[in-house]
Each structure stands twice: as structure tokens, then as C-alpha cells.
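Structure first, then comments.
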Amino acid sequence: MDSFKHSFRSTALENLGLAVYNTGYQKCSRNHSWGPATRDHFLIHYVSSGKGFLHSGGVSYTLATGDLFLIFPGEISSYSADSDDPWEYYWVGFNGTEAKRLVNLSGFTKENPILRLADDNQVKSLLLNIYNSRGNTPDAEAKMTGYLYLFLGRLIHENEHKRAEYGLRDYLAQALRFIQYNYAGQIGVSDIADYVGISRSQLYRAFVSNFNISPNQFLQKYRLNEACSLLRDGLLTVSEVAGSVGFSDPLYFSRVFRKDKGMTPTEYQKKAAKPEQTADKL
-17 MDSFKHSFRS TALENLGLAV YNTGYQKCSR NHSWGPATRD HFLIHYVSSG KGFLHSGGVS
43 YTLATGDLFL IFPGEISSYS ADSDDPWEYY WVGFNGTEAK RLVNLSGFTK ENPILRLADD
103 NQVKSLLLNI YNSRGNTPDA EAKMTGYLYL FLGRLIHENE HKRAEYGLRD YLAQALRFIQ
163 YNYAGQIGVS DIADYVGISR SQLYRAFVSN FNISPNQFLQ KYRLNEACSL LRDGLLTVSE
223 VAGSVGFSDP LYFSRVFRKD KGMTPTEYQK KAAKPEQTAD KL
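Sequential numbering from -17 applies to the sequence shown in this note's numbering.
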């Protein structure tokens, strides 16, 4: 495969809030490499095809199509193309008083300088816009800076969405744990939401998004499943089972149970009776 490289360096001043330092595209030859060395600016690469390797902070990373990686200023790094499927990538280097803050918000860290996005189409488009707007004229520099803000903004948005998903999973884990240990008591959705520390509407959205049922429906099904287990054991009366799983009214428990299971608790208990229990009654 023939290698190809096109790069551009801006004359923008480094004391700006954010400014493109350079941008380019490279179709690498087999085993093409850079470094180990350092940069004096932030440098993000987007792998548009192929594979390659990044070595940074004493750690090696394997990268492929759709991945982004960041070289931090002053960080000793090296990267190289795969020998069988050498990569192609676009890059943008940038400086400015706002650069470090925006990078931190985007999810890049020195401990994890790579990003893998679920949908990279918009990120790729914005990076191409930076590259296609290259030039040292005032309007070109304004366009590049504008697209750079949008590019980093998209990375920040993706990172916030990812963090929100992690937070949601944590909320759900807390909610399920609370239900597991408290279902036998007189708890409701408000108690679960208060324990987790989110609103009822947030809790509702979390359950519907992950389980396709409301928190109240989940709690009820959990109680009914526990009731089934107690009924199969055959050691408690229906009224005792109802009280053991959080139902204060045995009649209401029976109605709910029948609606969900298609039979009354008594019918379920008889049907699930163990052979030895049936034999004892004969």
C-alpha cells in the first residue's frame, strides 16, 4: 500500500482560548511509526480505517477503525501502523487556555488516552470539517476553531452520556438491593426513590428503560415470586405468606396473585405440593 500524508500548521497564537495548531491526514505504510517523542500541544487522532498501536504512559493499546487517541503535551508516546492492515487517520493538534479543561471534560486521561464511541459519524464529520477548512486566513482560522469547539463538544456530550449510563446502573443496583432487603415491609416507590436519592420520575424512567416495567410493577412481581417460593414450601398459610411478602391485606394479595399467576394462592399451593406432603395427608 502506498503511503500518503497531508498536513497543515496554523500560525494562530497560542494565547487564544482554543486554536488549531495543525491538522492532517495520513495513509500509513506497513509498520510506519512515530516516536518515542513528545509533543508541545494536544493531538487527537481518529482512525478512519485499518489498525495500529499506541504506546503511552508505559501501556500499549491496540486501535482500530473508529477509535480516537490523544497525545498529551509533554507525554512520551509512540505509535505505529499494523503490518497487515496499516491504518489511515486524521488528526487535529490544538493549544489554548481552554484546551486542558475541554480535554478533561471529553473523557481522555493520561491513564486512558483512547476513546471508543458507539456512533462516531458526527465526530468523524466534524474532524473532516476542521481538515477541509485548513488555512492561515482569518476566516479559515475562525472556521477551524469553530469546528474544533463543536468536535470537542461532541466528545464531551458522549462522555456525559456514558457517565449518565454508569450512574443509572448504579441507581438501579441500589434500588434492587433495597427491594431485596425490604420487600417484606410496607415499602413503596417513594421509599425506593428516597433511598437511591433520585426522583420518582427518574426512578420510573430507569426501570422502564432497563426492565420495560415500572418500579411498582417490579416490586409487585418480586413479592409475588417470593410468595410462590413460600407457597411451594407449604409451611405457611396464605395469610401468613401475604404478610411475609409485604401485603397487609390477604384478600388483596389473593386478587393480585390470581391476576398475575392465573390461579389463587391456595390453588397454586395445592398444585405445587410436594409428594411427601401429599402422601402424609392420605
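For each residue, glycine too, the CB sits at the ideal point set by N, CA and C.
Assigned exposure category for residue i - 16 Cβ within 10 Å defines buried
i	result
THR127	buried
ALA209	buried
ALA155	exposed
ASN77	buried
TYR250	buried
LEU217	exposed
PRO247	buried
MET245	exposed
ILE174	buried
ASP22	exposed
ILE96	buried
PRO197	buried
TYR234	exposed
ASP152	exposed
GLU93	exposed
ALA188	buried
ALA124	exposed
Unbroken alpha helix (DSSP H) run spanning residue i, endpoints
i	result
LYS243	232 to 243
PRO247	247 to 253
LEU87	81 to 88
Proximity winner among the options, relative to residue i (alpha-carbon distances)
i	options	result
GLY167	ALA224, ASN118 and ALA188	ALA224
ILE26	HIS37, SER11 and PHE90	PHE90
GLN8	HIS37, SER59, ALA1 and TYR71	TYR71
TYR129	GLY75, SER181, ASP173 and LEU201	GLY75
SER211	ASN198, VAL227 and LEU201	VAL227
SER107	GLY117, ARG136, SER191 and ASP152	ARG136
ARG116	TRP73, PHE200, THR246 and ILE169	TRP73
SER303	SER88, VAL29 and LEU99	The question about residue 303 has no answer, for the chain in this structure spans -17 to 264.
ASP5	VAL220, ILE112, LEU201 and LEU213	Here residue 5 is Thr; the residue named in the question, Asp, does not match the sequence. Here the closest residue by C-alpha is ILE112.
LYS33	PHE51, ARG159, PHE200 and ARG214	PHE51
SER191	ASN114, ASN141 and LEU150	LEU150
HIS14	LEU36, ALA81 and SER196	LEU36
TYR267	HIS139, GLN162, LEU84 and ASN103	The requested residue 267 does not occur in the structure, where the chain is confined to residues -17 to 264.
ASN141	CYS10, VAL41 and LEU84	LEU84
PHE275	SER196, LYS82 and ASN94	With the chain covering only -17 through 264, there is no way to say anything about residue 275.
GLY40	PHE54, SER59, TYR177 and ASP49	SER59
SER65	SER11, SER221 and GLY179	SER11
ASP67	THR44, VAL105, PHE235 and LEU87	THR44
ALA46	SER172, ASP102 and ALA254	ASP102
TRP16	ILE53, ASP176, ASP49 and ARG98	ILE53
Residue(s) in a DSSP beta bridge with residue i
i	result
GLU93	None; GLU93 has no bridge partner.
ALA46	LYS33
ARG21	PRO55
ALA63	GLY34
TYR28	LEU50 and TYR72
VAL41	SER38
ARG98	ASP49
SER15	SER62
Residue i, DSSP secondary structure in three states
i	result
GLY117	coil
GLU(-4)	Residue placement at GLU(-4) cannot be trusted, given a pLDDT of 48 that sits under 50; the coordinates are not used to answer.
TYR165	coil
ASN4	strand
SER196	coil
SER181	coil
PHE229	coil
THR127	helix
ALA217	Rather than Ala, the amino acid found at residue 217 in this sequence is Leu. Here LEU217 sits in coil by DSSP.
GLY170	coil
GLN259	Reliability of the predicted coordinates at GLN259 is poor, the pLDDT of 47 falling under 50, and the value obtained from them is presented with this limitation in mind. DSSP places GLN259 in helix when its eight states are reduced to three.
LEU134	helix
Beta strand (DSSP E) segment containing residue i, residue limits
i	result
GLU70	70 to 77
Distance cut-off 7 Å: residue i Cβ against heavy atoms of the ligand ATP
i	result
ASP121	This structure lacks the ligand ATP, and indeed carries no ligand of any kind.
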